[in-house]
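A.B. asks: The letter at position 17 of the sequence shown is residue 17 when you use the UniProt record's numbering, and the numbering goes up by one with no holes.
This is the structure, below, for whatever I ask next.
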Amino acid sequence: MSLTNPSKQNASDFPEQGLAPTREQIVRHLRRASVVAERATLMGHHPFGAILVGPDQETVLIEQGNVDTVNHAESVLARIAALNFTPQYLWSCTLYTTVEPCCMCAGTAYWANIGRVVFGMTEERLLQATGNHAENPTMSVSSQYVFDHCQKRVELIGPVAEVEEEIMQVQRAFWASRSN
Numbered sequence: 001m002s003l004t005n006p007s008k009q010n011a012s013d014f015p016e017q018g019l020a021p022t023r024e025q026i027v028r029h030l031r032r033a034s035v036v037a038e039r040a041t042l043m044g045h046h047p048f049g050a051i052l053v054g055p056d057q058e059t060v061l062i063e064q065g066n067v068d069t070v071n072h073a074e075s076v077l078a079r080i081a082a083l084n085f086t087p088q089y090l091w092s093c094t095l096y097t098t099v100e101p102c103c104m105c106a107g108t109a110y111w112a113n114i115g116r117v118v119f120g121m122t123e124e125r126l127l128q129a130t131g132n133h134a135e136n137p138t139m140s141v142s143s144q145y146v147f148d149h150c151q152k153r154v155e156l157i158g159p160v161a162e163v164e165e166e167i168m169q170v171q172r173a174f175w176a177s178r179s180n
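In structure tokens, the structure reads:
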């Protein structure tokens, strides 16, 4: 028995993901996700933020900051979205997140049927900000790797140069204030 590699399938095998965001929308929504991340730190949580934008690429449906080490902003958002919207609707939505989703978060977005994920800076850059911090043992598994091994083709956009340094500054400030 052989399994079909999803990356070898034709693009026509997958449903359309709907209206694509403009560069201006991408930058604006990532900046809003960054505000959500900063708000999470005010509540004592790590500086990660995510928002879910509807198919019109304008309407913000959900905002979510990081909760804890197993309830990352993206995973919590994806679970809430899956409880409140149909899979067909979510396939045309976009999840914006400050930092590239870890393998857990990429998988949760996939299972929630969110069709597009946009991130501001890579997990590799996050590691530069956190070092080997015990509170954030960053993994070396890219979200692209996760999505490349899925049955449906989730569109991934990022990193986004216009906001990357802004997001990195939030990360550096937070992790520098935490004792390891």
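The beta carbon of each residue, even a glycine, is placed where N, CA and C say it ideally should be.
Since we're looking at a predicted model, the values are computed, not measured.
(1) Is DSSP giving Q17 helix, strand or coil here?
(2) Could you check the C-alpha separation between G18 and C93 for me, to the nearest Å?
(3) State the beta-bridge partners of R116 as determined by DSSP.
(4) For the alpha helix (DSSP H) holding V36, just list the boundary residues, first then last.
(5) Which residue marks the beginning of the alpha helix (DSSP H) containing A134, and which one marks its end?
(6) When the Cα atoms are used, what is the spatial distance from N132 to I80?
(7) Give the straight-line distance between the Cα atoms of E162 and R153, rounded to the nearest whole angstrom.
(8) Taking the beta carbon of S34 as the centre, do at least 16 other beta carbons fall within 10 Å, making it buried, or is it exposed?
(9) Using a Cβ-Cβ cutoff of less than 6 Å, which residues in the same chain neighbour I157 once the five nearest sequence positions on both sides are dropped?
(10) Whole angstroms are fine: how far does the CA of R32 sit from the CA of residue 183?
C.D. replies: If we stick to the structure as given:
(1) coil
(2) 8 Å
(3) T94, E155
(4) 23 to 42
(5) Here A134 belongs to no alpha helix (DSSP H), and DSSP marks it neither H nor E.
(6) 31 Å
(7) 26 Å
(8) buried
(9) V118
(10) No answer is possible for residue 183: it lies beyond the span of the chain, which begins at 1 and ends at 180.
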